[in-house]
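So the sequence shown is numbered by the UniProt record's numbering: it starts at 1 and just counts up by one. Ideal Cβ placement from N, Cα and C applies to all residues, glycine included. Below is one structure, written out as C-alpha cells, with a few remarks after it.
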Amino acid sequence: MLSEIAREAGQRFGDRAVVVAADGVLTYEELDRAADALAVQLSQRGVARSDRVGLLLPSGGDWVVAAVAVSRLGAVFAGISPTLSVPERATLISLLGARLTLADPTLLEGLPLRAEIAVMKPGSRAIESAALEPVASDFPSPAFNDLAADHVAADDDAAVICFTSGTTGQPKAAVYCISQLRGIQSIDLGPGAEQRWGGGSPMLASTQFAHVGMSTKLPWYLRLGNTLHVMPRWRAEDALRLVAQHRISTLGVVAPQLALMLRSPLMDSLDLTCVTSIIAGGAASAPSLVREARERFGAGYSIRYSSTESGGVGIATAFDSPEEDGLQTVGLARPGVEVRIADEQDSPLQTGEVGELQLRSAAVMQHYWNDPSATNSALTADRWLRTGDLASMDSTGRVMLAGRRSEMYIRGGYNVFPAEVEAALLEHPRVISAVVVPYPDEILGELGLAMICVQDPERPPTLEELREHGSHLIAKYKLPDMVVIAQSLPLTAAQKLDRAAAQTMAIKLLEA
C-alpha cells in the first residue's frame, strides 16, 4: 500500500516537498527514485518479503525513504525513536529480532552486538557501504523492477510495527497489516479515501516519525501530497515560526506542547491567523488551555483519545465543544470506531457505570509481535481492544475517563483514581498541568501527592487553595494531601506523561 501510494504520489506531485528537515528537502519524485535504489541495497543485504527492518533514524527524509523502500520489498518496517535512551533502543532492537536495522551513524552506541546494522549517512538516502555497487537512480529502476516482479501485497500482509511507550510495563511491538492501514486511512479521511488524491497542505511534525501517528498514517499523508516540516528538536518558538512561515492551518500537538506555545512571546508578534484547527492528544487539556488556545489562535480545538494499539484513532471531541468537555469527556467515537464500557468478563455495562473502555475498528492492531499471551490479554475473541483505561459513558455516547486500574491507589480504604484528581486540579485557573501519584503513609496506607506546573512560579497556589477549589468538584478523600511545584512534567518519547518518572520526581521534590 505505502509503496504503491508513494509511486503514484511521485508522478502526481513531482517536485513538491514531502519532507523538510535537518537532512534536507525531499521531493515526492526524489522519494520514489531513492526508495527504488535503497530497496535494491536492502535486497542485497538479504531483506525479503515479511522480514522486519528497524529504522533507528531521526525524523526526516531518510526515514521516509527507508519506510517506502522496506515496503517495496514486502517487508515490515519498525521505527525506533532516537529520543529513547541507549538501553531502551537496544531493548527494542532485541525485541524486534530484525533482519536488518538502518541506523544513523550518531546512534550506534550500545546496540546489540549480534544485531545486523546498516548505516545511513544523513541526507544520503542510501546505505553507506563500499562493498555494494551504487544503484543508478534512473526511473524506473530495472534492478528494482526485477525485485518487485513477484510481489503483490495482500491485505493480511504485515506492513508496520509500532512500539508501545512502555508507560505501564515493558514495551510491546504492535503489528499492523495492510488492512489496518486502510482502516486508519478510511477513518481519518472519511468515505472515498481510496479514490482521494491531493488537497494536502503543510504540516508540523510534533512527534517522532516512529510514533503510531506517523508510521501508520504515512500512506494517506502521501496520498494528499502533504509537506511535513520537521524540527531537529521540538521547541515552542521554532514551532511557532514554522507555523507562521509556512501558513500551517492545523496544529497537531500534545497539550503540554500547546501550553508552551501559548507562553511564548512570539504568540504576540507572529501572524498566526493561518491556524484554523487544533488537534490535541496524549494528555488532558485543561479548560483554561482550551479556552486560551481558541481565543488566541481563533481556531477550533478537538481533544483526541487513542493508543498505539488502536492505530492512533479512537475518540474525539468536536472542535466547537465546550471547554469543560476537556475534563468531563474525551468525546464520542469517531465514525468507523465502536466504543463500549465492559466489566472484567468483557460484558457491556449500563450507561453511567464505570468499567474498562474497549474499542473496536478496522484500525486496531493485528497482534503483538511474537507475544500471543499479551495479544490475548489485549484483544477479545471478537477483536475488541481492552485499553486498560477505566471510563463510563453517558446516554449520548460521550466517554468519561476515570483512570487506569494500575494507577489506582487506596487512601484510608477508599479507591482513588489519579485521573479524576488531576482533572479537578486542572480546573484551577493557575494550574497548567498536573499529575497525582501515591505516597506511602503508615496510617492511611497511601496519600495523594500532586505535582503541578503553574502559570506564575512566583505565585503558585497553595495546597489549601487547591483543596478548597477541588472540594467543589470531587470528594474530600480524593483531594491531594501534598503538593510540589515543577517546571515541567516528564514525558515519554511518544510525548505521553511518564508516570513512573513523575512519581520518582515528585517524591524527590517532596523529600528534598
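**OP:** Run the CB neighbour count on Gln358, radius 10 Å, all protein chains shown included, and call it buried at 16 or more, exposed below.
**Re:** Buried: at least 16 other Cβ atoms inside 10 Å.
Subject >> Thr462 versus Leu509 - alpha carbon distance >> reply: Distance from the CA of Thr462 to the CA of Leu509, rounded to the nearest whole angstrom, comes to 16 Å.
Original post:
To the nearest whole angstrom, what separates the beta carbons of Asp104 and Leu38, a pair I think is in contact under 8 Å?
Top reply: Separation of the CB atoms of Asp104 and Leu38 is rounded to 15 Å, and the pair is thereby denied contact status at 8 Å.
Original post:
Thinking C-beta only, is Leu2 closer than 7 Å to Val68?
Top reply: The answer is yes: Cβ separation under 7 Å.
**OP:** Please name the residue, chosen from Gly199, Gln44 and Leu426, that lies closest to Arg128 on a Cα-to-Cα basis.
**Re:** Inspection of the sequence shows that residue 128 is occupied by Glu rather than by Arg. Nearest of Gly199, Gln44 and Leu426 to Glu128, Cα basis: Gln44.
**OP:** Name the two residues that bound the continuous beta strand (DSSP E) containing Tyr409.
**Re:** It spans Tyr409 to Arg411 - the beta strand (DSSP E) in which Tyr409 sits, taken as one unbroken run.
Subject >> Spatial neighbours of Gln487 in its chain, beta-carbon cut-off 8 Å, leaving aside the 5 residues before and after >> reply: Shown here for Gln487: same chain residues with a beta carbon closer than 8 Å to its own, the five before and five after excluded, namely Cys453 and Pro457 in chain order.
**OP:** Counting only the same chain and skipping the five closest in sequence on each side, list residues whose C-beta sits under 6 Å from that of Thr317.
**Re:** The beta carbon of Thr317 is closer than 6 Å to those of Ser302, Ile303, Asp325 and Gly331 in its chain, skipping five residues each way along the sequence.
**OP:** Could you pull the start and end residues of the beta strand (DSSP E) that Asp389 belongs to?
**Re:** Counted as a single uninterrupted DSSP element, the beta strand (DSSP E) harbouring Asp389 occupies residues Leu385 to Met393.
Original post:
Using the C-alpha atoms, what's the distance from Ala450 back to Arg405?
Top reply: Cα-Cα distance, rounded: 19 Å.
Original post:
Under a Cβ-count criterion, where at least 16 other Cβ atoms within 10 Å of its own Cβ denotes burial, should Ile5 be classed as buried or exposed?
Top reply: With 16 or more Cβ atoms within 10 Å of its Cβ, Ile5 is classed as buried.
Original post:
Using the beta-carbon count (16 or more within 10 Å), is Gly97 buried or exposed?
Top reply: So Gly97 ends up on the exposed side.
Subject >> Counterpart residues of Phe163 in DSSP-defined beta bridges >> reply: BP columns for Phe163 point to Ala173.
**OP:** Go ahead and pull the three-state DSSP assignment for Gln358.
**Re:** Gln358 falls in the strand class under three-state DSSP.
**OP:** Look at the alpha carbon of Gly79 and the alpha carbon of Ala475, and state the distance between them as a whole number of angstroms.
**Re:** Approximately 44 Å, taken between the alpha carbons.
Original post:
If we ignore side chains and look at the alpha-carbon of each, how far apart do Ser377 and Arg386 end up?
Top reply: About 8 Å.
**OP:** Check whether the Cβ atoms of Leu447 and Ala419 lie closer than 7 Å to each other.
**Re:** Contact flag unset, no.
Original post:
Roughly how many angstroms lie between the CA atoms of Ala347 and Arg340, to the nearest whole one?
Top reply: In the sequence on display, residue 347 carries Ser and not Ala. CA-to-CA, the gap between Ser347 and Arg340 works out to about 9 Å.
**OP:** Leaving out five residues on either side along the sequence, give the residues of the same chain with a beta carbon under 7 Å from the beta carbon of Ala21.
**Re:** These residues qualify, in order along the chain: Ser59, Gly60, Gly61 and Val230.
Original post:
Under a three-way DSSP split, which group does Leu38 fall into?
Top reply: In the structure shown, Leu38 sits in a helix (DSSP, three-state: H, G or I).
Original post:
How many angstroms separate the CA atom of Glu30 from the CA atom of Ser124?
Top reply: Their backbone Cα atoms lie some 12 Å apart in a straight line.
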